[in-house]
Amino acid sequence: MRVGIIFRGGLPEVGGGYTFSHEILESIANFCSHSSHSFIIFSTNKQSPNALSKWTNIEHISLYTSFKIRWKYRFLAIRDAVLKKLNNYKKVKFNIENWHRKFILTSLKNNNIDIIWETGPDCLTMEVPYIMTVWDLQHRMQPYFPEVSVKGEWDMREQSYATQLKRAAFVLTGTEAGKAEINQLYQVPAQRIKVLPFPTPGFALDSVVDDGEHILKKYNLPNNYLFYPAQFWPHKNHVGLLLAVKWLKDKYGINFPVVFTGSDHGNEKYVRQTVCDLDLSKQVYFLGFVPKKDLTLLYYHAFSLTFLTFFGPDNLPPLEAFALGCPVVASRVSGAEEQLGDAALLVDPKDTEEIALAIKSLWDDMTLRQSLIERGFVRANKWIGKDYIKGIFSLLDEFTAVRRCWSNTIDYVTTR
0 MRVGIIFRGG LPEVGGGYTF SHEILESIAN FCSHSSHSFI IFSTNKQSPN ALSKWTNIEH
60 ISLYTSFKIR WKYRFLAIRD AVLKKLNNYK KVKFNIENWH RKFILTSLKN NNIDIIWETG
120 PDCLTMEVPY IMTVWDLQHR MQPYFPEVSV KGEWDMREQS YATQLKRAAF VLTGTEAGKA
180 EINQLYQVPA QRIKVLPFPT PGFALDSVVD DGEHILKKYN LPNNYLFYPA QFWPHKNHVG
240 LLLAVKWLKD KYGINFPVVF TGSDHGNEKY VRQTVCDLDL SKQVYFLGFV PKKDLTLLYY
300 HAFSLTFLTF FGPDNLPPLE AFALGCPVVA SRVSGAEEQL GDAALLVDPK DTEEIALAIK
360 SLWDDMTLRQ SLIERGFVRA NKWIGKDYIK GIFSLLDEFT AVRRCWSNTI DYVTTR
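So in numbering that gives the first Met the number 0, spot 4 of the sequence shown is number 3, and the numbers just go up one at a time.
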């Protein structure tokens, strides 16, 4: 089959979504020759051609349209709708055709695409069979967080998922917990929901880390810091970590430095104020977005990753930490035990004392800390990009027997 992979590009500051998409495309480029299928990347972002230039063995087609061209087609669509109505105003309903959807569908048909693979939770068109990837359904599981509810976000997500999930040829998720949520919330048949564990990012697995003490000097950091690489969304629970650090300071006199990295999405000001309110200003460091080469060294030199998000079931930073020899304290969210196994200390993200005591246990017991590092290495190498892509190849092979039943060149009628 000819498989269209939708690449939405974006910038590294996007975080996990960017890392996941690039990991998948890197693996496709490396292993596509092992499949009988052909892969074509369709990019929707202006910056995508530069990002895709290194993958020369995969065909690339841009779906990006400039602002000027968009308005031109929008104007033509309105004009055609008006003319149709004027020519037969009694029988013709006034309807402005979605030119962008038509443009995408035409591009897919012109390139004889048999199936679309969306590496993220959205679909450009449902007129061609598609595979959809779900990262989380937290707007349903925890709708009170503002980032999934305000300014129409909840309704937009719900409308998208409710429509697109039910029509997908396959829905991909990283855990059985994620599969259960998709099945329960949207009644997608279990046989169409496929579990493929998220792969450990290659940049972490392939990094050759020296002592790298210069990273501490570059950012003026002390040793033995707690590391939390997460964008400043409320659900990331930076405040929960700060409260645990304050508890350790007051009860045991242990002053753990804390290093935050990641782009701001509206909550950094509140987190900074919390630092001041808790009198932690001298031990908390805000580095903002950092490049990958610095990120790997920050993992390597950290006392621990403290990943206390409220969202799941899949998260990439613990996998990155595993690969880079950084012990992990992580939230016991749905799917965490399945994804992380015995390689992390899991805690209730709402329980300040439990978080603090997990961190303290690593401080008191270096044997435990070393054991987590060793188990982390094992988990990091258990499921990598090659394994994920082999799972995709298997799905495509399975669907071939279905897709061969109709042509790309015929305009089919419905059974109605």
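Quick reminder that beta carbons are idealized off the backbone N, C-alpha and C, glycines included.
- By the criterion of at least three beta-carbon pairs nearer than 8 Å, the region 185-204 is in contact with the region 311-325.
- Secondary structure at M125: coil, using DSSP grouped into helix, strand and coil.
- Annotation for V270: the continuous alpha helix (DSSP H) segment containing it runs E267 to D276.
- Setting aside the 5 residues that flank it on each side, H138 is surrounded in the same chain by V147, W153 and R156, each with a C-beta closer than 6 Å to its C-beta; the list follows chain order.
- Within the same chain, Cβ atoms closer than 7 Å to the Cβ of E353 are found at V346 and D347, the five residues on either side in sequence being excluded.
- Between G16 and W134, the gap from beta carbon to beta carbon is short of 9 Å.
- Within the same chain, and ignoring the five residues on either side of A161 in sequence, no residue has its Cβ closer than 6 Å to its Cβ.
- Inter-segment contact for the region 388-408 and the region 30-41 is present: three or more beta-carbon pairs are separated by less than 8 Å.
- Excluding the 5 residues flanking it on each side, T124 has same chain C-beta neighbours closer than 8 Å at R100, I103, L104, L107 and I115, in chain order.
- Taking C-beta separations shorter than 8 Å and ignoring five residues to either side along the sequence, the partners of L241 in its chain run V257, V270, T273, V274, L277, L279 and V283, following chain order.
- Annotated three-state conformation of E58 is strand, per DSSP.
- When the beta-carbon positions are compared, G384 and N29 come within less than 9 Å of each other.
- Burial check for T413: the Cβ neighbour count within 10 Å stays below 16, so the residue is exposed.
- Judged by beta-carbon spacing, I253 lies within the 9 Å limit of K359, meaning their Cβ atoms are closer than that value.
- Contact annotation, L220 with V187: C-beta distance approximately 46 Å; criterion of less than 8 Å not satisfied.
- Annotation: G311 is outside any beta strand (DSSP E) and is labelled neither H nor E by DSSP.
- Under the DSSP definition of a beta bridge, M365 lacks any partner.
- DSSP places E212 in the coil class of the three-state scheme, outside both helix and strand.
- In the same chain as T132, and ignoring 5 residues on each side of it, the C-beta atoms closer than 7 Å to its own belong to E117, T118, G119, P120 and L171, in chain order.
- Leaving aside the five residues that flank I57 on each side, the residues in its chain whose CB is nearer than 6 Å to its CB run, in chain order, A28, F38 and I40.
- For L184, there is no enclosing beta strand (DSSP E); the residue is part of the alpha helix (DSSP H) that begins and ends at E175 to Y185.
- Distance between A329 and S206, taken at the CA atoms: about 23 Å.
- Of the other Cβ atoms in all chains shown, 16 or more fall within 10 Å of the Cβ of K245; this residue is therefore buried.
- DSSP, read as helix, strand or coil, puts L279 in coil.
- The continuous stretches of beta strand (DSSP E) do not include I391, which lies in the alpha helix (DSSP H) extending over residues G384 to R402.
- Your pair A168 and P128 checks out as a contact, with CB atoms roughly 5 Å apart and the cut at 8 Å.
- A buried status is given to S26, since no fewer than 16 other beta-carbon atoms sit within 10 Å of its beta-carbon.
- The beta strand (DSSP E) runs of length 3 or more contained entirely in the region 223-259 are, from start to end of the chain, 225-228.
- By the neighbour-count criterion, in which 16 or more other beta carbons inside 10 Å mark a residue as buried, G287 falls on the exposed side.
- Under the three-state reduction of DSSP output, G324 falls in the coil class, being neither helix nor strand.
- Counting only the Cα atoms, D341 lies some 14 Å from N380.
- As far as DSSP is concerned, D135 takes part in no beta bridge.
- For R166, no beta strand (DSSP E) segment is defined; the enclosing uninterrupted segment is the alpha helix (DSSP H) at E152 to R166.
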